[in-house]
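Chemist: Per this note's numbering, the sequence shown starts with residue 783, numbered consecutively.
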Amino acid sequence: MDIISQLQEQVNLIAHLAFNTIGTLQRDAPPNRLSPNYPEPPAHPTEDGSNFSEQPKLMSTGLVKAAKQ
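1) Do Gln851 and Gln792 count as a contact pair if the criterion is CB distance below 8 Å?
2) Near Asn794, what residues of its chain come up, given a Cβ to Cβ distance below 8 Å and the 5 sequence neighbours on each side ignored?
3) Can you list, in chain order, the residues of its chain with a C-beta nearer than 7 Å to that of Pro838? Leave out the 5 residues immediately preceding and following it.
4) Using the Cα positions of Tyr820 and Thr843, report the straight-line distance between them to the nearest angstrom.
5) Helix, strand or coil for Gln790, going by three-state DSSP, please let me know.
6) Which of the three DSSP states, helix, strand or coil, is assigned to Glu836?
7) Check Asp810 in the structure and name its three-state DSSP category.
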(Lines of atoms letter the chains of each structure in order from A; the text may use other names.)
(Lines give C-alpha, C1' and ligand atoms only; values in the text may rest on other atoms or scores of the structure.)
Protein backbone atom coordinates (compact mmCIF):
# COMPACT_ATOMS: atom_id res chain seq x y z
CA MET A 783 0.00 0.00 0.00
CA ASP A 784 1.49 3.35 -1.00
CA ILE A 785 1.77 6.38 1.29
CA ILE A 786 -1.23 8.19 -0.22
CA SER A 787 -3.51 5.21 0.40
CA GLN A 788 -2.25 4.92 3.97
CA LEU A 789 -2.88 8.62 4.55
CA GLN A 790 -6.37 8.35 3.06
CA GLU A 791 -7.20 5.38 5.29
CA GLN A 792 -6.00 7.26 8.38
CA VAL A 793 -8.00 10.39 7.45
CA ASN A 794 -11.09 8.24 6.92
CA LEU A 795 -10.60 6.60 10.32
CA ILE A 796 -10.21 9.97 12.07
CA ALA A 797 -13.29 11.37 10.29
CA HIS A 798 -15.33 8.30 11.25
CA LEU A 799 -14.30 8.58 14.91
CA ALA A 800 -14.89 12.34 14.98
CA PHE A 801 -18.40 12.10 13.53
CA ASN A 802 -19.34 9.27 15.86
CA THR A 803 -17.96 11.12 18.89
CA ILE A 804 -19.76 14.36 18.06
CA GLY A 805 -22.98 12.54 17.22
CA THR A 806 -22.92 10.64 20.50
CA LEU A 807 -22.28 13.80 22.49
CA GLN A 808 -25.19 15.54 20.73
CA ARG A 809 -27.48 12.59 21.32
CA ASP A 810 -26.64 12.20 25.01
CA ALA A 811 -26.31 15.87 25.94
CA PRO A 812 -28.77 17.05 28.57
CA PRO A 813 -31.40 19.55 27.38
CA ASN A 814 -30.57 23.21 27.87
CA ARG A 815 -32.94 26.15 28.21
CA LEU A 816 -32.39 28.66 25.41
CA SER A 817 -34.24 31.55 26.97
CA PRO A 818 -36.09 32.23 30.23
CA ASN A 819 -39.19 32.92 28.11
CA TYR A 820 -39.42 29.27 27.04
CA PRO A 821 -40.64 26.45 29.27
CA GLU A 822 -38.21 24.05 30.88
CA PRO A 823 -37.22 21.31 28.40
CA PRO A 824 -38.29 17.77 29.27
CA ALA A 825 -35.74 15.52 30.92
CA HIS A 826 -33.80 13.29 28.56
CA PRO A 827 -34.38 9.64 29.52
CA THR A 828 -31.17 7.64 29.63
CA GLU A 829 -30.82 3.91 29.64
CA ASP A 830 -27.67 3.85 31.73
CA GLY A 831 -26.59 7.08 33.42
CA SER A 832 -23.29 5.72 34.69
CA ASN A 833 -22.17 4.84 31.16
CA PHE A 834 -22.80 8.40 29.95
CA SER A 835 -19.96 9.93 31.97
CA GLU A 836 -17.45 7.30 30.81
CA GLN A 837 -18.36 7.16 27.12
CA PRO A 838 -17.03 10.62 26.05
CA LYS A 839 -13.69 9.85 27.71
CA LEU A 840 -13.36 6.56 25.83
CA MET A 841 -14.38 8.09 22.52
CA SER A 842 -12.02 11.06 22.83
CA THR A 843 -9.18 8.71 23.79
CA GLY A 844 -9.80 6.70 20.61
CA LEU A 845 -9.90 9.87 18.52
CA VAL A 846 -6.60 11.18 19.93
CA LYS A 847 -4.98 7.77 19.54
CA ALA A 848 -5.99 7.63 15.86
CA ALA A 849 -4.75 11.18 15.27
CA LYS A 850 -1.32 10.36 16.72
CA GLN A 851 -0.73 7.41 14.37
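Heads up, the beta-carbon is just placed ideally off N, CA and C, and yes, glycines get one too. Values in this document were obtained by computation on a predicted structure and should not be read as measured data.
Modeler: This is what the structure holds:
1) Working through the sequence shown from its first residue, we reach residue 792 at position 10. Working through the sequence shown from its first residue, we reach residue 851 at position 69. It is a contact, given that the beta carbons lie within the stated cut-off.
2) Numbered from its first residue, the sequence shown carries residue 794 at position 12. Hits under 8 Å: none found.
3) Sequence index remark: in the sequence shown, residue 838 carries index 56 (1-based). Around Pro838: Leu807.
4) Your numbering for residue 820 matches position 38 in the sequence shown. Your numbering for residue 843 matches position 61 in the sequence shown. Each residue's Cα considered, the two are about 37 Å apart.
5) For the purposes of this step, residue 790 is taken as the residue at position 8 of the sequence shown. Correct three-state label for Gln790: helix.
6) Within the sequence shown, the letter at position 54 stands for residue 836. Glu836 falls in the helix class under three-state DSSP.
7) Taking the first residue of the sequence shown as 1, we reach residue 810 at position 28. In this structure, Asp810 counts as helix in the three-state DSSP scheme.
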